[in-house]
Structures are given as structure tokens and as C-alpha cells.
Amino acid sequence: MSGGEQLRWLKNALLFSRARFKLIAAGGQMLNDDDAYEGWNQYPVERAEFLAWLQQARIPGVLFLSGDRHITELTRYPRPRYGGKADYPLLEYTCSPLNSGPARGDANPNRVPGTLVAERNYGMLRFTGEGKDRALEIITRDVAGRTLGSQRIEAGQLGWA
Numbered sequence: 001m002s003g004g005e006q007l008r009w010l011k012n013a014l015l016f017s018r019a020r021f022k023l024i025a026a027g028g029q030m031l032n033d034d035d036a037y038e039g040w041n042q043y044p045v046e047r048a049e050f051l052a053w054l055q056q057a058r059i060p061g062v063l064f065l066s067g068d069r070h071i072t073e074l075t076r077y078p079r080p081r082y083g084g085k086a087d088y089p090l091l092e093y094t095c096s097p098l099n100s101g102p103a104r105g106d107a108n109p110n111r112v113p114g115t116l117v118a119e120r121n122y123g124m125l126r127f128t129g130e131g132k133d134r135a136l137e138i139i140t141r142d143v144a145g146r147t148l149g150s151q152r153i154e155a156g157q158l159g160w161a
């Protein structure tokens with residue numbers, strides 16, 4: 001989990017960012033409620049406060065990036081609906097490992113079906129389009145460079161109208 005000064009910096013950067021996609025990268029997962037390892041779920045009060053702040057501040061375009069799980073998966077985390085554009089479900093792309101042994105993949109109640117990769121792999125992020133047409137393609141590849149899966153996320157899915 002981040003310290004107070006780090007969180008203040010992050011919140012300030014998010015408040016003033018005009019980027020369509022705001023990537024928040026950390027070693028441990030943010031959105032996996034069942035993560036038994038080093039994830040933000042080990043700090044439930046701090047995580048809940050930060051996620052609530054994201055929604056209350058109406059920050060669009062947030063996507064979490066994480067690793068260190070020895071698997072790759074996409075997590076879709078539903079949020080309470082208040083009728084605003086900031087009610088979009090949060091997404092987290094977890095990608096690892098390239099050099100270490102893969103794991104089997106623990107339970108993750110919010111995993112997007114079909115996104116679990118339990119072999120050596122790496123991820124690529126490809127941004128396309130401009131303005132309201134901005135999109136992100138997340139591509140997972142094996143060690144030989146073959147595509148194992150991909151997900152396309154349009155800016156509108158992350159709170160941009």
C-alpha cells in the first residue's frame with residue numbers, strides 16, 4: 001500500500017490529468033478481493049477509502065496495472081451506481097511472469113472469464129485513436145511472441161462520455 005504522501009501525490013495527479021487513460025501501476029493487485037499475497041486487499045480500510053475517493057472525485061479513465069502474481073488476468077471490479085459517469089467498473093490488468101515459473105491462478109471473483117493465463121508471458125498496451133475515439137488494446141503474448149489473448153477498452157467504457 002502507498003504511504004500518505006504518495007497517495008496525496010497520486011490523487012493530485014489524477015485530479016489534474018486530462019489523459020483519457022490514467023494508468024496506476026503497482027506491484028500488488030488492487031482489485032482482487034481474494035488475493036492471499038501482497039495486494040491492496042491486505043489493507044481494506046485504505047483500499048476502500050481510495051476507491052471511494054476515485055468515485056467521489058469523478059476521475060474517468062482509470063486502469064490499474066499490476067504483476068507479481070505469476071499469472072496474467074483482467075479483473076473487472078463493479079462499483080456502486082450513483083448515476084454519474086464515474087460509476088464505471090474499474091479494470092486491472094495483472095501480467096506476469098516472463099522469467100519465473102507460472103502459478104495456477106487463485107480464485108478471483110472479479111476475473112473476466114477467459115483472461116487467465118498460467119504460463120510464461122508478457123503484456124503489451126497499444127493506444128489508438130484520439131479524443132473520444134481513444135482506445136486501448138491489451139495484448140498478452142507467450143515467450144515466442146504469439147498472441148494468447150487481447151482485450152479492447154474504449155475510453156467510453158471508463159467514464160468518458
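Each step along the sequence shown adds one to the number in full-length UniProt numbering, with nothing skipped, and position 2 is 2. Where a beta carbon is used, it is the ideal one built from N, C-alpha and C, also for glycine.
Query - Neighbour-count burial assignment, residue 128, 16 or more Cβ in a 10 Å radius - result: Here residue 128 corresponds to residue number 128 of the sequence shown, with the count starting at 1. Exposed is the call here.
Report task. Measure how close the beta-carbons of residue 20 and residue 155 come, nearest whole angstrom, since I'm counting them as under 8 Å. Result -> On the sequence shown, residue 20 is found 20 positions in, with the first residue counted as 1. On the sequence shown, residue 155 is found 155 positions in, with the first residue counted as 1. Indeed they touch by this definition, with Cβ atoms about 4 Å apart.
Query raised in the report: Using 8 Å as the Cβ pair cut-off and three pairs as the minimum, do the stretch 111-128 and the stretch 66-73 touch?
Result: Remark: three or more beta-carbon pairs, one from each stretch, lie closer than 8 Å, so the stretch 111-128 and the stretch 66-73 are flagged as touching.
Query - Any beta strand (DSSP E) of 3 or more consecutive residues that is wholly inside the stretch 102-151 - result: 121-128 and 135-142
Query raised in the report: So what's residue 76 in DSSP terms, helix, strand or just coil?
Result: To locate residue 76, count along the sequence shown from 1; it is residue 76. In the structure shown, residue 76 sits in a strand (DSSP, three-state: E or B).
Query - Counted within 10 angstroms of its Cβ, other Cβ atoms place residue 124 as buried (16 or more) or exposed - result: Here residue 124 corresponds to residue number 124 of the sequence shown, with the count starting at 1. Classification for residue 124: exposed.
Requested in this report: Assign residue 65 to one of three DSSP states: helix, strand, or coil.
Outcome: Taking the sequence shown and counting its residues from 1, the one referred to as residue 65 is at position 65. Here residue 65 sits in strand by DSSP.
Report task. Under the assumption that residue 61 contacts residue 22 (Cβ atoms under 8 Å), give the Cβ distance between them as a whole number of angstroms. Result -> Here residue 61 is taken as the residue at index 61 of the sequence shown, counted from 1. Here residue 22 is taken as the residue at index 22 of the sequence shown, counted from 1. Yes, residue 61 and residue 22 are in contact; Cβ-Cβ is about 5 Å, under 8 Å.
Query raised in the report: Which stretch, first to last residue, makes up the alpha helix (DSSP H) that contains residue 51?
Result: Within the sequence shown, residue 51 is the residue found at index 51, counting from 1. Residue 51 -> alpha helix (DSSP H) spans 44-56.
**Report entry** Straight-line gap, residue 107 to residue 88 (C-alpha atoms, nearest Å)
**Finding:** For the purposes of this step, residue 107 is taken as residue 107 along the sequence shown, with counting starting at 1. For the purposes of this step, residue 88 is taken as residue 88 along the sequence shown, with counting starting at 1. Taking the straight line from one Cα to the other gives about 23 Å.
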